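Each remark here refers to the structure printed beneath this line.
Protein chains: 2
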Amino acid sequence: MENTIRKIESLGAGSETLARLIPLLQEEVFPKGHILIREGKVERSLFFLEKGVARAYLTNEDRDVTFWFGVEGDVLLSLKSYFSNEPGYESIELLEKSVVYKIPYSSLIELYQRDVRMANWGRRFAESELIKADERFINQQFKPAADRYEEFVRDFPDLIRRIQLGHIASYLGVSQVTLSRIRAGKR
Amino acid sequence: MENTIRKIESLGAGSETLARLIPLLQEEVFPKGHILIREGKVERSLFFLEKGVARAYLTNEDRDVTFWFGVEGDVLLSLKSYFSNEPGYESIELLEKSVVYKIPYSSLIELYQRDVRMANWGRRFAESELIKADERFINQQFKPAADRYEEFVRDFPDLIRRIQLGHIASYLGVSQVTLSRIRAGKR
DNA sequence: CTGTTTTTTTAACAAATGTAAAATTTATTG
DNA sequence: CAATAAATTTTACATTTGTTAAAAAAACAG
Chain A
1486 MENTIRKIES LGAGSETLAR LIPLLQEEVF PKGHILIREG KVERSLFFLE
1536 KGVARAYLTN EDRDVTFWFG VEGDVLLSLK SYFSNEPGYE SIELLEKSVV
1586 YKIPYSSLIE LYQRDVRMAN WGRRFAESEL IKADERFINQ QFKPAADRYE
1636 EFVRDFPDLI RRIQLGHIAS YLGVSQVTLS RIRAGKR
Chain B
1486 MENTIRKIES LGAGSETLAR LIPLLQEEVF PKGHILIREG KVERSLFFLE
1536 KGVARAYLTN EDRDVTFWFG VEGDVLLSLK SYFSNEPGYE SIELLEKSVV
1586 YKIPYSSLIE LYQRDVRMAN WGRRFAESEL IKADERFINQ QFKPAADRYE
1636 EFVRDFPDLI RRIQLGHIAS YLGVSQVTLS RIRAGKR
């Protein structure tokens, strides 16, 4: 569970905080294509992605739009569902056979209420996700799709091979045809 | 300071938490056009917007892109700067004469370390901002500019009159000409 | 290895959007 | 209230992007 532990520690957990969290983790293994979180349902568990790749997406009448990819060490959850106990709007699909560690919200909130270090760990977790969400948003609005594609390739070179281009195109906010044109341009 | 207090209470602060926070608030008044937070600088204060309107934006070589509007009761801060003590990438401008209440990060973090209720208040603050950021992001990617404009008008009817269309257009991710066409279509 | 299915690229055309500049409307100031 | 400045809309044209469908390439199964 090294990826998961590294993630927990990166949020400022000391050995005590870590020791409290680890017993809560329940390992689960899912096949490629498994829908971990389904839109419209309440899902009060959070998952550390130990091994595999995931995408978060919304479905429309006809098509679905991917808006996030998760890799080893990332946390998978339905924000609204997990934090506010309301039905979530997004689904999360595992794009490869994956190993996750699950924590039910109830266990976590109990620790948060009792232990100030845990509460601050949870605060830093939310803050770090917030900064990432903000950066993604700004990036999206500020840079053309071609630049974002280039950065995507630079930052996650292996994902290009692990994820279908259709998903990447919808993540970048362009049609797959446009993404093909972008790729053709870089040669 | 009713807007600020309402905001603090909406994040689950009881009377004790409120009583600890209020003494930290320093009122400041700024004229229209004041740049509250400047990109590239570290700003370790957070501001509750008691009165006024604000926009967060990034500057490019030639133009600037607005990516957020704040109204009474919203919190103004440079995320990266405030939470990570690094230079922020965004600027925040006050679009009207405004009243804000300022809290230095150092005061807040001290409370967070000592008091589990405060830490959980801070956690909920970050979580609620995270949910909003996520919704904005999804909205942006999922819906065409015309729909987003309609929602903007519906949700903030008064802002249309308080904010220049150029800022709104860049917020929606389209040129001002396109926004004019959208507006013309709705008649 | 071969046939089949899936994914990606290309082509052709229509629709939408951006740019630059002019025209109009609205706001501001003396 | 007139004069000026600022903001918004409109016009004209070029460019980009989306759509649908076909072609090519890659992945997969027997």
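Going down the list, the protein sequences come from chains A and B.
Just add 1485 to the spot in the first sequence (first one is 1) and you have our numbering.
Just add 1485 to the spot in the second sequence (first one is 1) and you have our numbering.
Using N, Cα and C, we set each Cβ at its ideal position, and we do this for glycine too.
The model shown is predicted, which means the values in this text are computed figures rather than measured ones.
Next item on the list: Please check if any C-beta of chain A sits within less than 7 Å of the C-beta of B:I1616.
Entry: It does: the Cβ of B:I1616 has a partner Cβ on chain A nearer than 7 Å.
Margin query: Does chain B have any CB closer than 7 Å to the CB of A:R1608?
Written below: Judged by the 7 Å Cβ criterion, A:R1608 is in contact with chain B.
Check: Can you tell me where the alpha helix (DSSP H) with B:E1614 in it begins and where it stops?
Finding: Its alpha helix (DSSP H) spans residues V1601 to F1627.
Notebook entry, point to check: So, does the CB of B:N1605 fall closer than 7 Å to a CB anywhere in chain A?
Noted result: Chain A contact via Cβ: present.
Margin query: Looking only at its chain, what residues have a beta carbon closer than 7 Å to the beta carbon of B:D1559, apart from the 5 residues adjacent to it on each side?
Written below: These residues qualify, in order along the chain: L1534.
Checklist line | Neighbourhood of B:Q1625 by C-beta distance below 8 Å, restricted to the same chain and skipping five residues each side | finding: R1633 and G1658.
Next item on the list: Compute the beta-carbon to beta-carbon distance between B:I1577 and B:A1541, rounded to the nearest angstrom, for a pair I have assumed lies under 8 Å.
Entry: The Cβ separation is near 5 Å, so the contact holds.
Margin query: Residues of chain A with CB closer than 9 Å to the CB of B:A1565, please, in chain order.
Written below: For clarity, residue 1565 of chain B is Lys in the given sequence; the question names Ala instead. B:K1565 reaches chain A at I1616, D1619 and E1620, counting residues in chain order whose Cβ is nearer than 9 Å.
Notebook entry, point to check: chain A beta carbons: is any one of them nearer than 7 Å to that of B:E1612?
Noted result: With 7 Å as the cut-off, B:E1612 counts as an interface residue toward chain A.
Notebook entry, point to check: Cα separation between A:P1642 and A:F1532?
Noted result: Their backbone Cα atoms lie some 24 Å apart in a straight line.
Notebook entry, point to check: Quick one: what does DSSP say A:A1630 is sitting in, helix, strand or coil?
Noted result: Three-state DSSP puts A:A1630 in a helix.
Note to self: Is it buried or exposed, A:K1565, if we count other Cβ atoms within 10 angstroms and call 16 or more buried?
What the structure shows: Around the C-beta of A:K1565, 16 or more other C-beta atoms lie within 10 Å, and the residue is accordingly described as buried.
Next item on the list: Would you list the residues sitting across from A:Q1589 in a DSSP beta bridge?
Entry: Just to set this straight, residue 1589 of chain A is Pro in the shown sequence, not Gln. Beta-bridge pairing links A:P1589 to A:S1530.
Next item on the list: Answer with yes or no whether the minimum CB distance from B:Q1626 to chain A is below 7 Å.
Entry: Cβ-Cβ to chain A under 7 Å: yes for B:Q1626.
Note to self: Please report the distance separating the alpha-carbon of A:L1506 from that of B:L1543.
What the structure shows: In a straight line, the C-alpha of A:L1506 is about 39 Å away from that of B:L1543.
Next item on the list: Check whether the Cβ atoms of B:P1572 and B:G1525 lie closer than 7 Å to each other.
Entry: In contact: B:P1572 and B:G1525 (Cβ atoms closer than 7 Å).
Notebook entry, point to check: Just the Cα atoms here: how many angstroms apart are A:N1676 and A:Q1511?
Noted result: Any answer about residue 1676 of chain A is impossible in this case: the structure gives chain A only from 1486 up to 1672.
Next item on the list: Give the DSSP bridge partners of B:Q1511, in chain order.
Entry: According to DSSP, which records beta bridges pairwise, B:Q1511 is partnered with B:K1587.
Note to self: Am I right that B:L1579 and B:G1518 are in contact with their C-beta atoms under 8 Å? What's the rounded C-beta distance?
What the structure shows: About 7 Å separates the two Cβ atoms, so the contact holds.
Check: Does the beta-carbon distance from A:Q1661 to A:G1651 come in below 7 Å?
Finding: Yes.
Margin query: Rounding to the nearest angstrom, what Cα-Cα distance links B:K1628 and A:L1664 in this structure?
Written below: Those two C-alpha atoms are separated by around 19 Å.
Notebook entry, point to check: Which residues in the same chain have their Cβ closer than 7 Å to the Cβ of B:S1496, if we skip the five residues on either side of it in sequence?
Noted result: The residue you asked about is not Ser; residue 1496 of chain B is Leu in the sequence shown. Here the set comprises W1606, R1609, F1610 and S1613.
Next item on the list: Grab me the residues of B:A1498's own chain with a C-beta within less than 6 Å of its C-beta, minus the 5 sequence neighbours each way, in chain order.
Entry: Within its own chain, the residues whose Cβ lies closer than 6 Å to the Cβ of B:A1498, once the five positions on either side in sequence are excluded, are W1606, listed in chain order.
Next item on the list: Report the residue from A:Q1598, A:F1622 and A:R1548 whose alpha carbon sits nearest the alpha carbon of A:S1655.
Entry: Comparing Cα-Cα distances from A:S1655 to each of A:Q1598, A:F1622 and A:R1548, the minimum goes to A:R1548.
Check: Any idea what DSSP makes of A:V1638, helix, strand or coil?
Finding: In this structure, A:V1638 counts as helix in the three-state DSSP scheme.
Check: Where does A:R1540 fall in DSSP's three states?
Finding: Reduced to three states, the DSSP call for A:R1540 is strand.
Notebook entry, point to check: What's the gap between the Cα of B:W1553 and the Cα of A:R1646?
Noted result: Across the structure, B:W1553 and A:R1646 are spaced so that their CA atoms are roughly 35 Å apart.
Check: Candidates A:A1539, A:L1615, A:V1514 and A:E1575: which alpha carbon is nearest A:V1527's?
Finding: Nearest C-alpha to A:V1527: A:E1575.
Check: So is B:W1496 in contact with chain A if we call contact Cβ pairs under 7 Å?
Finding: The identity of residue 1496 of chain B in the sequence shown is Leu, whereas the question assumes Trp. No, no contact with chain A.
Notebook entry, point to check: When the Cα atoms are used, what is the spatial distance from B:S1592 to B:S1569?
Noted result: Straight across, the Cα-Cα distance linking B:S1592 with B:S1569 is about 15 Å.
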